[in-house]
Amino acid sequence: MHGLINRSIQCFLRDTYGAPVWARIVREAGLGFDSFETMLTYDAALTDAVLQAAAHVLGKPRDYVLEDLGTYLVTHENTQAGRRLLRFGGVSFADFLHSLEDLPGRARLALPDIELPLLDLQDHSPRDFTLVCRSPLAGVGHVVVGLLRAMADDYGVLSVVEHQGSCPGGEIIAVTLAETAFAKGRRFALARDGQGHA
Amino acid sequence: MPDLMPKDRTFGLDAAALGALMPMHLLLAPDGRIEAHGATVGRILGGAGLTGHSFFDLFSLRRPSGLTNMSALRARAGQRLHLSPLDRPTAVLRGLAVPVGDGRRLLLNLSFGIGLIEAVQDHALTDADFAPTDLAMELLYVVEAKSAVMQELKDLNLRLQGAKTVAEEQALTDTLTGLRNRRALAAELERALQLRQDFGLMHLDLDHFKTVNDTYGHAIGDRLLREVAKVLRSETRAGDTVARTGGDEFVILLPDLGGPADLLQIAQRINSRLSLPLDCGGQSCRVTVSIGLTVSSAYARPSAEELLNDADHALYVAKREGRGCTRVHPGVSLLR
Chain A
25 MHGLINRSIQ
35 CFLRDTYGAP
45 VWARIVREAG
55 LGFDSFETML
65 TYDAALTDAV
75 LQAAAHVLGK
85 PRDYVLEDLG
95 TYLVTHENTQ
105 AGRRLLRFGG
115 VSFADFLHSL
125 EDLPGRARLA
135 LPDIELPLLD
145 LQDHSPRDFT
155 LVCRSPLAGV
165 GHVVVGLLRA
175 MADDYGVLSV
185 VEHQGSCPGG
195 EIIAVTLAET
205 AFAKGRRFAL
215 ARDGQGHA
Chain B
5 MPDLMPKDRT
15 FGLDAAALGA
25 LMPMHLLLAP
35 DGRIEAHGAT
45 VGRILGGAGL
55 TGHSFFDLFS
65 LRRPSGLTNM
75 SALRARAGQR
85 LHLSPLDRPT
95 AVLRGLAVPV
105 GDGRRLLLNL
115 SFGIGLIEAV
125 QDHALTDADF
135 APTDLAMELL
145 YVVEAKSAVM
155 QELKDLNLRL
165 QGAKTVAEEQ
175 ALTDTLTGLR
185 NRRALAAELE
195 RALQLRQDFG
205 LMHLDLDHFK
215 TVNDTYGHAI
225 GDRLLREVAK
235 VLRSETRAGD
245 TVARTGGDEF
255 VILLPDLGGP
265 ADLLQIAQRI
275 NSRLSLPLDC
285 GGQSCRVTVS
295 IGLTVSSAYA
305 RPSAEELLND
315 ADHALYVAKR
325 EGRGCTRVHP
335 GVSLLR
């Protein structure tokens, strides 16, 4: 599993629950080191060990941990680079949903060896979507659920996002958008703050 | 390729359709005035007032050079153009002009090229300013993703640098000879003192090592130090600590010895081994070594500092009394 994914999990657990909890998870998972490096590749079993240890130490089902990870990836101040990259997907949340299929390809532009979950979007109507996610990481759909709920908030869109179990093609997520905008989304400019020329 | 489109076939594109396909287009009248334009090119030129102005008053064509009127521009229809807004000469746009209608008017489409990132910042452009078919978003995405990755790499390098410094600080080995270093010796000495072990301490210094370095160069000098290290290791036991503590200085800590006489015997063995020629990278070198020694049992309350000082002082006496010999700290009785 790519170091970026492992390190994201580590940062989520450390930023959310604190360094001592992360240290306990490391011990329980038997990592043998205290920190993942972004640019290294790790055995997939280590990722599973960390998630299992996190679920045990936090006393939460693994699916909940994964969903919180998805929320963290969009909302935490330490992950704003990632949120911005997601916002490049489109002007509206619907546009963004349509751009999800491009996500693994876009990620590979920067990190050729990264394998993000494969996402397959079906639009049943302009407001009803089904997303099928495939990844070696079991439960990845829950990460995507957390991420989509947070992104809908980011766009200021009322939506219902639900994990609907698995099919042979992967994990199924249903997304339904409300007809009207419910809130003003967060600001997003293509240029990063503090970079404008005088 | 066969021309599938009849020559007289024209498209009835209205301004909105043209603007949606090409938000950076300019429609130029036969006299060079701007008849219509896309919204994005209007934004970067500072407003909606472009219509009616002469194209050549707003832009300078950098390449091909000499294009200052419509007939010259028409002659370059279909070719790649490099141009800049006159009020922003550092921004280089790419362009392509094609004739429309009767051929006297030109449709000119522009793109930011590699200046896209600055343009997005300078004009606060959003994705709505680009056609959905434009790859601008992908380029911005790559730039941003690359910056994030570079930041990660920088952080990683900082962490590695920190880890390297810590590792060096904690290192116990002399990298040149593979012997223990001064820090390792200090730790071993402290341990032996705490365990109230009897041990001998030998301070060695090569004689005339500087001459070897000056005569044969540092590479041979380094080889000699490694050869000496080999001899010291082979003449001591596994439980002894052999450390290189300076350029050509070595300290050996020897626990559980019978007495000072045994120590003296080892010192003499070392000196006779070193008096044989050593092969230093094809160069045969001979060295002698001066040795000062002391033993912990000679002290009521031995301390690392005192023992090291006394061994050092005995070494100094050995140097003074002719080199190539061993001297024992005066407080040590050789009789048992």
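Chains as they are written, first to last, in the working numbering: chain A, 25 to 222; chain B, 5 to 340.
Each residue gets a CB set at the ideal place from its N, CA and C atoms; glycine is no exception.
From a predicted model like this one, the values you see are computed outputs, not experimental measurements.
- With DSSP run on the structure shown, which of helix, strand or coil describes cysteine 329 (chain B)? coil
- Task: Note down, in chain order, each residue of its chain lying with its Cβ closer than 6 Å to the Cβ of histidine 333 (chain B), except the 5 sequence neighbours on either side.
- Result: Thr298, Asp314 and Ala318
- Item | Cβ-Cβ distance between leucine 205 (chain B) and leucine 268 (chain B) below 7 Å | no
- Message: Does any residue of chain A have a CB that is nearer than 7 Å to the CB of alanine 242 (chain B)?
- Response: no
- Task: Please say whether proline 128 (chain A) and leucine 140 (chain A) have beta carbons closer to each other than 7 Å?
- Result: yes
- Task: Tell whether a beta-carbon distance below 7 Å holds between leucine 28 (chain A) and alanine 78 (chain A).
- Result: no
- How about alanine 222 (chain A): is its C-beta nearer than 7 Å to some C-beta of chain B? Note that alanine 222 (chain A) has pLDDT 34, beneath the 50 cutoff, so the model's placement of it is unreliable and the number below is only indicative. Judged by the 7 Å Cβ criterion, alanine 222 (chain A) is not in contact with chain B.
- Message: With a threshold of 8 Å, are at least 3 pairs of Cβ atoms found where one atom belongs to the segment 205-222 of chain B and the other to the segment 288-306 of chain B?
- Response: yes
- Query: On the three-state DSSP scale, how would you describe proline 306 (chain B)?
  - Reply: coil
- Message: Any beta carbon from chain A within less than 7 Å of glutamine 125 (chain B)'s own beta carbon?
- Response: yes
- Message: For histidine 26 (chain A) and valine 156 (chain A), I'd like the C-alpha separation in whole angstroms.
- Response: 21 Å
- Range of the contiguous alpha helix (DSSP H) that encloses leucine 120 (chain B): 120-127
- Can you find a CB in chain B that lies within less than 7 Å of the CB of leucine 214 (chain A)? yes
- Message: With H, G and I counted as helix, E and B as strand and the rest as coil, what does DSSP make of serine 32 (chain A)?
- Response: helix
- Task: Please report how far the alpha carbon of alanine 21 (chain B) lies from the alpha carbon of leucine 145 (chain A), in whole angstroms.
- Result: 29 Å
- Query: Mind listing which residues of the segment 45-70 of chain A have their C-beta closer than 7 Å to chain B's C-betas, in chain order?
  - Reply: Glu61, Thr62 and Met63
- Item | Unbroken stretches of the beta strand (DSSP E), 3 residues or longer, contained in the segment 11-56 of chain B | 29-32 and 38-41
- Heavy atom of the ligand GTP within 6 Å of alanine 271 (chain B) beta-carbon: The model on display carries no ligand, and the ligand GTP is accordingly not part of it.
- Task: Return the Cβ separation of arginine 109 (chain B) and leucine 32 (chain B) in integer angstroms, given the expectation that the two are a contact with Cβ distance under 8 Å.
- Result: 6 Å
- What residue range is occupied by the uninterrupted alpha helix (DSSP H) comprising arginine 230 (chain B)? 222-238
- Three or more C-beta pairs closer than 8 Å, one from the segment 184-192 of chain B and one from the segment 232-242 of chain B: is that the case here? no
- Message: With three or more C-beta pairs closer than 8 Å as the rule, is the segment 212-221 of chain B touching the segment 159-167 of chain B?
- Response: no
- Task: Determine the DSSP secondary structure at proline 192 (chain A), reduced to helix, strand or coil.
- Result: coil
- According to DSSP, what are the bridge partners of proline 334 (chain B)? According to DSSP, which records beta bridges pairwise, proline 334 (chain B) is partnered with nothing at all.
- Message: Check for me: the alpha helix (DSSP H) holding valine 168 (chain A) runs from which residue to which?
- Response: 164-179
- Query: For valine 291 (chain B), which residues of its own chain have a beta-carbon under 6 Å away from its beta-carbon, when the five flanking residues on both sides are left out?
  - Reply: Leu210 and Leu278
- Query: Does DSSP put arginine 184 (chain B) in a helix, in a strand, or in coil?
  - Reply: strand
- Can you list the residues of chain B that valine 98 (chain A) reaches, using a CB-CB cut of under 8 Å? Correct list: empty, because the minimum Cβ distance to chain B is about 15 Å.
- Message: Does arginine 340 (chain B) come out as helix, strand or coil in the three-state DSSP assignment?
- Response: Since pLDDT at arginine 340 (chain B) reaches only 45, below the 50 mark, its modelled position is unreliable, and no value is offered.
- Task: Tell me, please, which residues DSSP counts as bridged to alanine 101 (chain B).
- Result: B:Leu112
- Give the secondary structure of leucine 93 (chain A) by DSSP, where H, G and I count as helix, E and B as strand, and everything else as coil. helix
- Message: Please confirm whether serine 115 (chain A) has its beta-carbon closer than 7 Å to some beta-carbon of chain B.
- Response: First, the amino acid is wrong: residue 115 (chain A) is valine here, not serine. Yes, valine 115 (chain A) counts as interfacial toward chain B.
- Message: Can you give me the C-alpha to C-alpha distance between leucine 349 (chain B) and aspartate 137 (chain A), rounded to a whole angstrom?
- Response: Nothing can be reported for residue 349 (chain B), as the shown portion of chain B is limited to 5 through 340.
- Item | Neighbourhood of arginine 107 (chain A) by C-beta distance below 6 Å, restricted to the same chain and skipping five residues each side | Val98
- Just the chain A side, please: which residues come within less than 9 Å of threonine 169 (chain B) by C-beta, in chain order? By Cβ distance, chain A contributes nothing, its closest Cβ being about 17 Å from threonine 169 (chain B), past 9 Å.
- Query: Which of helix, strand or coil does DSSP assign to proline 68 (chain B)?
  - Reply: coil
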